[in-house]
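**Q** Have a look at this one.
Residue numbers (our numbering): 219 to 346.
Shown next, in the form of structure tokens:
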């Protein structure tokens, strides 16, 4: 079993899978317009919006991961919008999410360190 940190903002998601042998990192970037009303889905349904496409791509990446505990982190509302999207479109993911925390933009190493602190505090995994 492993733990995963999903750090995201409105333009990208950084996925860090913590394993006993190290850290595996992936990145998913948003494509398309970044106009505020477009990303909130006001001109289209959320599935058709740029944010919906970004979340869909991110969920495709997350479907490949089995037996993990997830921390979703990041600045702003993107992480909360993603959590709402997952609840609606991928309710099976809810069992993996252990936290949804505010976290400013940090270096990759700092994100991993903060994620390790979270998982140790939550006693999810004592060996990561």
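The beta carbon of each residue, even a glycine, is placed where N, CA and C say it ideally should be.
Tell me the DSSP secondary structure of residue 304 in three-state form.
**A** One-based indexing of the chain shown puts residue 304 at position 86. Here residue 304 carries a helix assignment [DSSP, helix/strand/coil].
**Q** Which two residues bound the contiguous beta strand (DSSP E) that contains residue 289?
**A** The residue given as residue 289 occupies position 71 in the chain shown. Note, residue 289: beta strand (DSSP E), 286-292.
**Q** For residue 241, name the three-state secondary structure that DSSP assigns.
**A** Taking the chain shown and counting its residues from 1, one reaches residue 241 at position 23. Reduced to three states, the DSSP call for residue 241 is strand.
**Q** May I ask you to list the residues that DSSP assigns as paired with residue 315?
**A** Taking the first residue of the chain shown as 1, we reach residue 315 at position 97. Residue 315 is bridged by DSSP to 288.
**Q** Tell me the residue span of the alpha helix (DSSP H) that contains residue 274.
**A** For the purposes of this step, residue 274 is identified with residue 56 of the chain shown, where counting begins at 1. Run containing residue 274: 268-280, per the alpha helix (DSSP H) assignment.
**Q** At which residues does the alpha helix (DSSP H) containing residue 349 begin and terminate?
**A** Nothing can be reported for residue 349: it is not among the residues displayed for the chain, which extend from 219 to 346.
**Q** Below 8 Å on the Cβ atoms is my guess for residue 235 versus residue 222; work out the distance and round it to an integer in Å.
**A** The count along the chain shown starts at 1 and reaches residue 235 at position 17. The count along the chain shown starts at 1 and reaches residue 222 at position 4. Sure, about 5 Å apart at Cβ, within 8 Å.
**Q** Per DSSP, what kind of secondary structure is residue 322 in: helix, strand or coil?
**A** Taking the chain shown and counting its residues from 1, one reaches residue 322 at position 104. In the structure shown, residue 322 sits in coil (DSSP, three-state: anything other than H, G, I, E or B).
**Q** Using a 10 Å radius around the Cβ and a threshold of 16 neighbouring Cβ atoms, would you call residue 245 buried or exposed?
**A** To locate residue 245, count along the chain shown from 1; it is residue 27. Exposed is the call here.
**Q** Go to residue 220, then tell me how far its beta strand (DSSP E) extends in each direction, as first and last residue.
**A** Residue 220 sits at position 2 when you count from the first residue of the chain shown. 220-226 is the extent of the beta strand (DSSP E) around residue 220.
**Q** Quick check on this structure: which residue in 248, 305, 322 and 288 has the alpha carbon closest to the alpha carbon of residue 338?
**A** For the purposes of this step, residue 338 is identified with residue 120 of the chain shown, where counting begins at 1. Selected option, being the one with the closest Cα: 288.
**Q** Can you tell me the Cβ-Cβ gap for residue 276 and residue 243, rounded? I've got them flagged as a contact below 8 Å.
**A** The residue you call residue 276 lines up with position 58 of the chain shown. The residue you call residue 243 lines up with position 25 of the chain shown. With 8 Å as the limit, residue 276 and residue 243 do not qualify as a contact, their Cβ atoms being about 14 Å apart.
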